[in-house]
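Chemist: Structure provided below as structure tokens; questions to follow.
Number of protein chains: 2
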Amino acid sequence: MSLPSTPAATDPAPRRARGRPRKTADERDDGNRRQALLREAARLFRQHGFAATSTRDIATAAGMQSGSPFYHFDSKEALLAAVMQEGMERALQRQQAAIAASVEERAPEPSDCLRVLVRSHLDVILGPDSDFIPVMLYEWRSLAEAQRSEVNRLKDAYEGTWVPVLRALHDSGELRGDPSLARLMLFGALNWSVQWFDPARRASLDDLADTALQLFLKDPA
Amino acid sequence: MSLPSTPAATDPAPRRARGRPRKTADERDDGNRRQALLREAARLFRQHGFAATSTRDIATAAGMQSGSPFYHFDSKEALLAAVMQEGMERALQRQQAAIAASVEERAPEPSDCLRVLVRSHLDVILGPDSDFIPVMLYEWRSLAEAQRSEVNRLKDAYEGTWVPVLRALHDSGELRGDPSLARLMLFGALNWSVQWFDPARRASLDDLADTALQLFLKDPA
DNA sequence: CCTACCGATCGGTAGG
DNA sequence: CCTACCGATCGGTAGG
Chain A
1 MSLPSTPAAT DPAPRRARGR PRKTADERDD GNRRQALLRE AARLFRQHGF
51 AATSTRDIAT AAGMQSGSPF YHFDSKEALL AAVMQEGMER ALQRQQAAIA
101 ASVEERAPEP SDCLRVLVRS HLDVILGPDS DFIPVMLYEW RSLAEAQRSE
151 VNRLKDAYEG TWVPVLRALH DSGELRGDPS LARLMLFGAL NWSVQWFDPA
201 RRASLDDLAD TALQLFLKDP A
Chain B
1 MSLPSTPAAT DPAPRRARGR PRKTADERDD GNRRQALLRE AARLFRQHGF
51 AATSTRDIAT AAGMQSGSPF YHFDSKEALL AAVMQEGMER ALQRQQAAIA
101 ASVEERAPEP SDCLRVLVRS HLDVILGPDS DFIPVMLYEW RSLAEAQRSE
151 VNRLKDAYEG TWVPVLRALH DSGELRGDPS LARLMLFGAL NWSVQWFDPA
201 RRASLDDLAD TALQLFLKDP A
């Protein structure tokens, strides 16, 4: 419509995007470098812990010089906060997508909902690119007080999804014990797998989900 | 019998223990200092993590100068290993004592045995002087390979106690799912409480044990 | 167990 | 994003 094909033969130097001062390639690269730092930080924080990982280690892993991470992040703590935030955002997305997919198929039973949540959670903590959430789970004390609230917001949303499902299972008698304590213990059972799960051996994530449900759920009345 | 009361009046300086070069008081004191270091190390390692705790922090907490911990321990890593070993020895003692006490009362059902193990475990990780085992649970990666085997021996003994109990419950139908996976998930549910349990609020350790059993056990057939 | 100290490493910055 | 650097801290040691 309002885009006449005025032949710009008079314009010798063709410009790509009007508002930006050229160097679109550099900008995409900047994003790549930041993402590389996040990814390597998550991997190293998970493997060795926050305090035992130096910003130099992270820089080297991302192919940078020792001072360069501070061009992208204000401090080592800000890098940790970014890892946790990124992890929670991805986890929340994956959780919501899994729920949406299961609702689309049919009206799910509460136990089906729990299976979806458990399976999605196992994927978040043990699947590919799963370094971010374990860092959040096991390095929480290293996060400065000031930066906890934002991550807590996402964490509350993620955990809140479980509440109505667990309550429904409690009401139907399939889950015994206080639902709030049950949620904490279920999370414990699942999150602990970060310490022992070996993707090469033992069970698959599907097997883990099956066992968890067998363990925690009673037969429906 | 062969201990004639020869009056040692000819001996002007009375000696306490023949083999040791006097200073029994100092020796007991040495043990106290070492114990103080262990206790403060466990507390600080639990609170801030191994890597984030300096040997100076530990020395100060124990009322010593910065170099003094190395009179008692070869290295910071040796101090960590000693904390874990001390913790596992205490845990194993408490576990065996709890079992012995429960067997004395009556021939216990498998579910009673599990209750005893769960309650004793909660005491080990959440009760008084419970800094040692959480350090082992959450700082394992900080322990040097060479020092893992000794702690692993104790850990295997502690965990081995659970195996026949869980198998019996599985055979009676009270516990569903693979017993070996069940043990890992049960440990996860309990160990995770280190992250959220607040002795001032919420439930008591007895309540926690009750909920865990309600959650994991089916009604006996 | 203290005093005094060392070499190494760390998070972070100025200036380009 | 790199170069070059700083002040602080750390684990550990010699000598008493």
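Protein chains in written order, with this note's numbering: chain A, 1 to 221; chain B, 1 to 221.
Just so it is clear, CB atoms sit at the ideal spot from N, CA and C, and this is done for glycine as well.
#1: How would you label W196 (chain B), buried or exposed, when you count the other beta carbons within 10 angstroms and need 16 or more for buried?
#2: For chain B, check one thing: does any of its Cβ atoms lie closer than 9 angstroms to the Cβ of H121 (chain A)?
#3: DSSP on Q214 (chain A), reduced to helix/strand/coil?
#4: Starting from the Cα of L205 (chain B), find the closest Cα among B:D123, B:D129, B:Q35 and B:Y158 and give me that residue.
#5: Mapping DSSP to helix, strand and coil, what is A203 (chain A)?
#6: Which residues mark the beginning and the end of the alpha helix (DSSP H) in which M64 (chain A) is found?
#7: Mind pulling the chain A residues with CB within less than 7 angstroms of T55 (chain B)?
#8: With burial defined as no fewer than 16 other Cβ atoms inside 10 Å of the residue's Cβ, what is the status of S142 (chain A): buried or exposed?
#9: Could you tell me whether the region 185–200 of chain A touches the region 184–194 of chain B, using the rule of 3 or more Cβ pairs below 8 angstroms?
#10: Counting only Cβ pairs nearer than 7 angstroms, list the residues of chain B close to D178 (chain A).
#11: Is it a yes or a no for the region 41–57 of chain A touching the region 129–138 of chain A, going by three-plus beta-carbon pairs under 8 angstroms?
#12: Which chain A residues sit within Cβ distance under 7 angstroms of A42 (chain B)?
#13: Can you give me the Cβ contacts of V165 (chain A) inside the same chain, cut-off strictly under 7 angstroms, excluding the 5 residues immediately before and after it?
#14: Quick one: is N152 (chain A) near chain B, going by C-beta distance under 9 angstroms?
#15: What does a CB cutoff of less than 8 angstroms around L213 (chain A) pick up in its chain, not counting 5 residues either side in sequence?
#16: Spell out whether any CB of chain B is found under 9 angstroms from the CB atom of W285 (chain A).
#17: Checking contacts by CB at 9 angstroms: is G188 (chain A) closer than that to chain B?
#18: Can you confirm whether D171 (chain B), when its beta carbon is compared against all beta carbons of chain A, has any partner nearer than 9 angstroms?
#19: Tell me, to the nearest whole angstrom, how far the beta carbon of S120 (chain A) is from that of A98 (chain A); I am working on the premise that it is less than 8 angstroms.
Modeler: Looking at the coordinates:
#1: The residue given as residue 196 (chain B) occupies position 196 in the second sequence. It is exposed - the Cβ of W196 (chain B) has fewer than 16 other Cβ atoms within 10 Å.
#2: Numbered from its first residue, the first sequence carries residue 121 (chain A) at position 121. Not an interface residue.
#3: Residue 214 (chain A) sits at position 214 when you count from the first residue of the first sequence. Three-state result, Q214 (chain A): helix.
#4: Taking the first residue of the second sequence as 1, we reach residue 205 (chain B) at position 205. The shortest C-alpha separation from L205 (chain B) is found at B:D123.
#5: Along the first sequence, read from residue 1 onward, the residue named residue 203 (chain A) stands at position 203. Of the three classes helix, strand and coil, the one that applies to A203 (chain A) here is coil, per DSSP.
#6: Indexing the first sequence from 1 puts residue 64 (chain A) at position 64. Counting along the chain, M64 (chain A) falls outside any alpha helix (DSSP H), and DSSP gives it neither H nor E.
#7: Numbered from 1 along the second sequence, position 55 holds the residue referred to as residue 55 (chain B). Chain A residues near T55 (chain B): none, gap ~14 angstroms exceeds 7 angstroms.
#8: To locate residue 142 (chain A), count along the first sequence from 1; it is residue 142. Burial call: buried.
#9: yes
#10: Position 178 of the first sequence, counted from the first residue, corresponds to residue 178 (chain A). The answer, in chain order, is T211.
#11: yes
#12: In the second sequence, counting from the first residue as 1, residue 42 (chain B) sits at position 42. Within chain A, no residue comes near A42 (chain B); the closest Cβ sits about 15 angstroms away, beyond 7 angstroms.
#13: Your numbering for residue 165 (chain A) matches position 165 in the first sequence. Within the same chain, V165 (chain A) has close Cβ partners P110, C113, L114 and L117.
#14: Mapped onto the first sequence, residue 152 (chain A) falls at position 152. Taking Cβ atoms only, chain B never reaches closer than 9 angstroms to N152 (chain A), which makes this a no.
#15: The count along the first sequence starts at 1 and reaches residue 213 (chain A) at position 213. Cβ within range, chain order: S111, L114, R115 and V118.
#16: No answer is possible for residue 285 (chain A): it lies beyond the span of chain A, which begins at 1 and ends at 221.
#17: Numbered from 1 along the first sequence, position 188 holds the residue referred to as residue 188 (chain A). At least one chain B Cβ lies under 9 angstroms of G188 (chain A).
#18: Locating residue 171 (chain B) in the second sequence gives position 171, where the first residue counts as 1. Taking Cβ atoms only, chain A never reaches closer than 9 angstroms to D171 (chain B), which makes this a no.
#19: Indexing the first sequence from 1 puts residue 120 (chain A) at position 120. Indexing the first sequence from 1 puts residue 98 (chain A) at position 98. Rounded, the Cβ-Cβ distance is 4 angstroms, consistent with contact.
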